[in-house]
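Q:
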């Protein structure tokens with residue numbers, strides 16, 4: 045039994061951490077700069093961010109390695125340091141976890157390559173596997189407990205990342221972003237994604253959704269994820285509301301209180317790993333920790349109840365198909 049399985053068995057529900065990128069910006073990360081470079085240039089700032097989430101109660105710390113494939117690091121002339129960068133990302137988190145005095149999962153963040161796979165783009169499946177494998181070798185060397193494959197939209201790219209994790213012999217978690225009318229950008233539905241994960245061998249340690257367009261949208265997607273999970277733990281790592289421009293800054297609409305309510309709803313839905321993505325500060329994570337500690341559970345919320353509590357959907361499902369079907373029925 046690995047660390048993630050052990051903690052899930054002991055606690056039932058785990059608290060993940062919050063955002064990386066949106067918290068590094070006020071710490072000095074410039075637009076266009078690679079956050080992964082800070083694993084060498086500003087180790088103290090990455091340590092400070094991880095520690096703030098550990099102090100807030102996180103059971104899972106996600107490494108600063110989201111754009112850690114050679115495909116993405118090439119944009120910053122760092123493509124020849126892939127293993128080194130990812131190893132450092134895991135080691136920074138691991139050092140803090142070792143000092144924490146409690147069991148915390150080190151989740152090695154693996155984001156999309158940023159390229160479209162053949163036939164929509166030029167990236168072959170084999171090249172995608174190779175890119176993910178190189179990244180995961182570094183994460184495993186650094187002590188990551190699990191490959192945290194996140195913000196995915198393409199079924200083929202998900203498959204490539206999973207194949208890489210299997211090659212490296214690293215347990216894996218997969219989360220997709222359902223930000224386009226209730227589906228991923230590449231048209232993958234929550235139910236289809238859940239069924240894809242349930243059919244894998246070995247199965248993921250957990251799967252679910254992160255990022256996207258807001259907490260309401262993510263939890264509505266989670267209804268179908270949980271319904272089709274076939275016993276696999278489900279992850280919900282939502283943005284803190286939606287981003288808004290305030291002067292020269294981007295702020296998120298979701299307060300810590302709202303994310304506390306989100307955590308309660310996620311718990312009621314049957315989600316096993318609850319945390320935050322973009323816009324979620326340590327204060328948001330602390331609010332989720334408090335909510336999960338004090339909440340006694342309740343009935344699974346409906347879509348309407350989620351919207352009533354967290355606000356309207358930002359990208360609701362399209363009704364065009366059903367309207368067309370209705371017209372066809374009327375014509376018949």
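Numbering (the working numbering), first residue to last: 45 to 376.
Idealized CB from N, CA, C, for every residue including glycine.
Nothing here was measured: the structure is a model prediction, and the numbers come from that model.
Between the alpha carbons of residue 278 and residue 240, how many angstroms are there, rounded?
A: Each residue's alpha carbon lies about 14 Å from the other.
Q: Rounded to the nearest angstrom, what separates residue 340 and residue 150 at their Cα positions?
A: Straight-line Cα distance between these residues: approximately 28 Å.
Q: Could you give the distance in angstroms between the alpha-carbon of residue 207 and the alpha-carbon of residue 201?
A: About 10 Å.
Q: Using only alpha-carbon positions, find the residue among 294, 252, 81 and 296 that is nearest to residue 218.
A: For the residues 294, 252, 81 and 296, the minimum Cα distance to residue 218 belongs to 252.
Q: Could you check if residue 102 is buried or exposed, using at least 16 other CB atoms within 10 Å of its CB as the buried criterion?
A: Residue 102 comes out buried.
Q: If you draw a straight line from the C-alpha of residue 59 to the C-alpha of residue 333, how long is it?
A: One C-alpha to the other measures close to 7 Å.
Q: Looking at the structure shown, is residue 157 part of a helix, part of a strand, or coil, going by DSSP?
A: Residue state, collapsed to three classes: coil.
Q: Look at the alpha carbon of residue 323 and the alpha carbon of residue 61, and state the distance between them as a whole number of angstroms.
A: Residue 323 and residue 61: Cα-Cα distance of roughly 12 Å.
Q: Do you know how far the Cα of residue 69 is from the Cα of residue 357?
A: Roughly 27 Å separates the two Cα atoms.
Q: When burial is assigned at 16 or more other CB atoms within 10 Å of the CB, is residue 373 buried or exposed?
A: Low per-residue confidence applies at residue 373: pLDDT is 32, beneath 50, and the placement is therefore not dependable, though the value from the model is reported in the following sentence. Looking at its Cβ environment, which holds fewer than 16 other Cβ atoms inside 10 Å, residue 373 is exposed.
Q: In its own chain, which residues sit with a C-beta less than 8 Å from the C-beta of residue 268, not counting the 5 before and 5 after it?
A: If we look at residue 268 and ignore the five residues flanking it on each side, its Cβ neighbours are 233, 234, 235 and 238.
Q: Would you say residue 64 reaches chain D, if we count a Cβ-Cβ gap shorter than 8 Å as a contact?
A: You won't find chain D in this structure, because it holds only one protein chain.
Q: Identify the continuous beta strand (DSSP E) that holds residue 196 and give its terminal residues.
A: Unbroken beta strand (DSSP E) run through residue 196: 190–196.
Q: Just to confirm before moving on: does the CB-CB distance between residue 378 and residue 137 stay below 8 Å?
A: Outside the displayed range of the chain (45 to 376) lies residue 378, so it cannot be described from this structure.
Q: According to DSSP, is residue 315 part of a helix, a strand, or is it coil?
A: Residue 315 falls in the coil class under three-state DSSP.
Q: Assuming residue 293 and residue 320 are in contact, meaning their beta carbons sit under 8 Å apart, how far apart are those beta carbons, in whole angstroms?
A: Not confirmed; about 19 Å, so no contact.
Q: Is the CB-CB distance between residue 108 and residue 186 below 8 Å?
A: Not a contact, by the Cβ cut-off of 8 Å.
Q: Excluding five sequence neighbours on each side, which residues of the same chain lie with their C-beta closer than 8 Å to the C-beta of residue 169?
A: Same-chain partners within the cutoff: 161, 162, 200, 203 and 204.
Q: To the nearest whole angstrom, what separates the beta carbons of residue 359 and residue 224, a pair I think is in contact under 8 Å?
A: That pair is a contact at about 6 Å.
Q: State the Cα-Cα distance for the pair residue 140 and residue 221, rounded to the nearest angstrom.
A: Each residue's Cα considered, the two are about 29 Å apart.
Q: What's the call for residue 46, buried or exposed, on a 16-neighbour Cβ count within 10 Å?
A: Counting Cβ neighbours within 10 Å, residue 46 comes out exposed, since fewer than 16 surround it.
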